[in-house]
DNA sequence: TGATTATTTGCGAATTTGTGCAAACATGCT
DNA sequence: AGCATGTTTGCACAAATTCGCAAATAATCA
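Residue numbers (this note's numbering), protein chains in the order written: chain A, 1 to 127; chain B, 1 to 127.
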């Protein structure tokens with residue numbers, strides 16, 4: 001069933017942990033991406049109302065979008081008086097993306113080496 | 001309407017180009033992520049039927065999932081006889097993720113510097 | 001040619017998602 | 001307290017997504 005022996009389980013489980021559907025789910029909507037871009041260039045906390053000006057969505061929809069981005073770890077929220085300040089968790093998002101990139105390439109490297117050890121033809125054209 | 005002067009347009013448009021909804025759309029489904037993980041550890045081209053064994057989805061659904069991943073640039077396909085060999089474009093995916101991470105942090109750095117030049121309080125708690 | 005295998009496509013059903021509106025909730029102000 | 005402002009939540013509805021099945025397409029083999 002598996003293509004490689006058990007030793008490569010580590011890199012595979014590491015990769016699986018990085019492949020969080022919630023993150024991509026949060027980032028797959030055009031309006032939410034517009035919001036993310038807005039936060040990235042605003043470079044300061046924005047209220048729901050402020051953030052909402054960048055996409056033509058009703059404020060209630062903006063509220064839901066921001067909540068989803070927060071739950072995915074993309075944004076951080078702090079309540080200040082009656083308004084909520086959302087802020088891009090730039091470091092967290094960037095490092096999550098880099099960790100996923102690393103996990104992908106590590107998985108390939110490890111599995112590739114093991115395939116060679118086994119004396120098989122290796123990795124198709126990507127090796 | 002914008003928070004910063006025109007000089008920061010470069011990093012913002014660069015970020016917008018990296019924020020492709022199609023990529024995240026392709027990666028937001030659990031079954032498609034299972035397929036991606038399968039390709040990453042298989043480390044060689046897989047046919048539609050081979051790939052499909054990892055998720056309990058009908059072969060026609062697998063075919064559609066793989067096509068979507070291919071259109072998003074995650075997989076590459078080559079037809080060989082009557083079967084189609086799909087392969088993870090590991091380098092392309094990893095570099096796309098890293099470029100997005102870079103664009104995010106660059107956008108923050110540039111906009112952050114400009115905000116300071118303008119003498120305003122800078123960037124909230126993330127600066 | 002006909003039979004078999006691999007993949008894709010059309011279709012309909014079930015589910016999820018994005019949305020606006022109205023109401024509720026929370027906070028601050030007079 | 002009453003009123004205004006900012007945000008969230010319930011609800012309904014349209015659009016999109018996922019899925020399995022069956023039929024169509026493509027390629028191999030007898």
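No residue lacks a Cβ here, since even glycine has one placed at the ideal position from N, Cα and C.
C-beta neighbour in chain B for residue 64 of chain A, strict 8 Å: Taking a beta-carbon distance threshold of 8 Å, residue 64 of chain A does not count as an interface residue toward chain B.
- prompt: Can you give the Cα-Cα distance for residue 132 of chain A and residue 26 of chain A, rounded to whole angstroms?
  reply: Only positions 1 to 127 of chain A appear in this structure, which leaves residue 132 of chain A out of reach.
field: Cβ distance (whole Å) where residue 101 of chain B is taken to contact residue 98 of chain A below 8 Å
entry: Going by Cβ atoms, the distance from residue 101 of chain B to residue 98 of chain A rounds to 5 Å, so yes, they are a contact pair.
task: Round the Cβ separation of residue 15 of chain A and residue 103 of chain A to the nearest angstrom and send it over; I've been treating them as touching at under 8 Å.
output: Sure, about 4 Å apart at Cβ, within 8 Å.
field: C-alpha distance - residue 18 of chain B paired with residue 117 of chain A, whole-angstrom precision
entry: The C-alpha of residue 18 of chain B lies about 38 Å from the C-alpha of residue 117 of chain A.
field: Per-residue DSSP class, three states only, for residue 88 of chain A
entry: Strand.
message: For a cutoff of 8 Å on Cβ pairs, would you count residue 123 of chain B as touching chain A?
response: A caution first: residue 123 of chain B carries a pLDDT of 47, below 50, which makes its placement in the model too unreliable to give a value.
field: Within-8 Å CB hit, residue 69 of chain B to chain A
entry: No - not a single Cβ of chain A is within 8 Å of the one on residue 69 of chain B.
- prompt: Taking DSSP as the reference, what is the three-state secondary structure of residue 97 of chain B?
  reply: Looking at residue 97 of chain B - three-state DSSP - the assignment turns out to be helix.
Unbroken alpha helix (DSSP H) run spanning residue 78 of chain A, endpoints: Counting along the chain, residue 78 of chain A sits inside no alpha helix (DSSP H); it lies in the beta strand (DSSP E) bounded by residues 75–80.
- prompt: Is residue 55 of chain A near residue 43 of chain B, with beta carbons less than 8 Å apart?
  reply: Annotated as distal: residue 55 of chain A and residue 43 of chain B, with beta-carbon spacing of 8 Å or more.
query: Under a CB-based cut-off of 8 Å, is residue 75 of chain A close to chain B?
result: Chain B, which has no Cβ nearer than 8 Å to the Cβ of residue 75 of chain A, makes this no.
message: I'd like the list of long-range same chain contacts for residue 107 of chain B, defined as Cβ closer than 7 Å, with 5 residues on each side in sequence excluded.
response: Scanning its chain for C-beta atoms nearer than 7 Å, with the 5 sequence neighbours on each side dropped, one finds around residue 107 of chain B the residues 11, 12, 15, in chain order.
- request: Please compile the residues from chain B whose C-beta is within a distance smaller than 8 Å of the C-beta of residue 12 of chain A.
  value: Within 8 Å Cβ-Cβ: 37, 40, 41.
- prompt: What residues in its chain sit with their C-beta under 8 Å from that of residue 9 of chain B, if we drop five residues either side in the sequence?
  reply: Listed in chain order, the non-local C-beta contacts of residue 9 of chain B below 8 Å within the same chain number zero, local neighbours out to five positions each way being set aside.
query: What is the DSSP secondary structure of residue 19 of chain A, counted as helix, strand or coil?
result: Residue 19 of chain A: coil per DSSP, three-state reduction.
Top-ranked residue by Cα proximity to residue 85 of chain B, from B/92, B/49, B/93, B/115: Comparing Cα-Cα distances from residue 85 of chain B to each of B/92, B/49, B/93, B/115, the minimum goes to B/49.
message: By the three-class DSSP mapping on this structure, what secondary structure does residue 47 of chain A have?
response: For residue 47 of chain A, the three-state secondary structure derived from DSSP is strand.
- prompt: So, is the C-beta of residue 115 of chain B closer than 8 Å to a C-beta in chain A?
  reply: Residue 115 of chain B has a beta carbon lying within less than 8 Å of a beta carbon in chain A.
Strand pairing of residue 71 of chain B, partner residues [DSSP]: Looking at the DSSP output, residue 71 of chain B bridges to nothing.
task: Could you name the residues of chain A that residue 94 of chain B contacts, counting a contact when the two beta carbons are closer than 7 Å?
output: In chain order: 101, 104, 105.
task: Classify residue 45 of chain A as buried or exposed, calling it buried when 16 or more other Cβ atoms lie within 10 Å of its own Cβ.
output: Counting the other CB atoms within 10 Å of its CB gives residue 45 of chain A a total of 16 or more, which places it among the buried residues.
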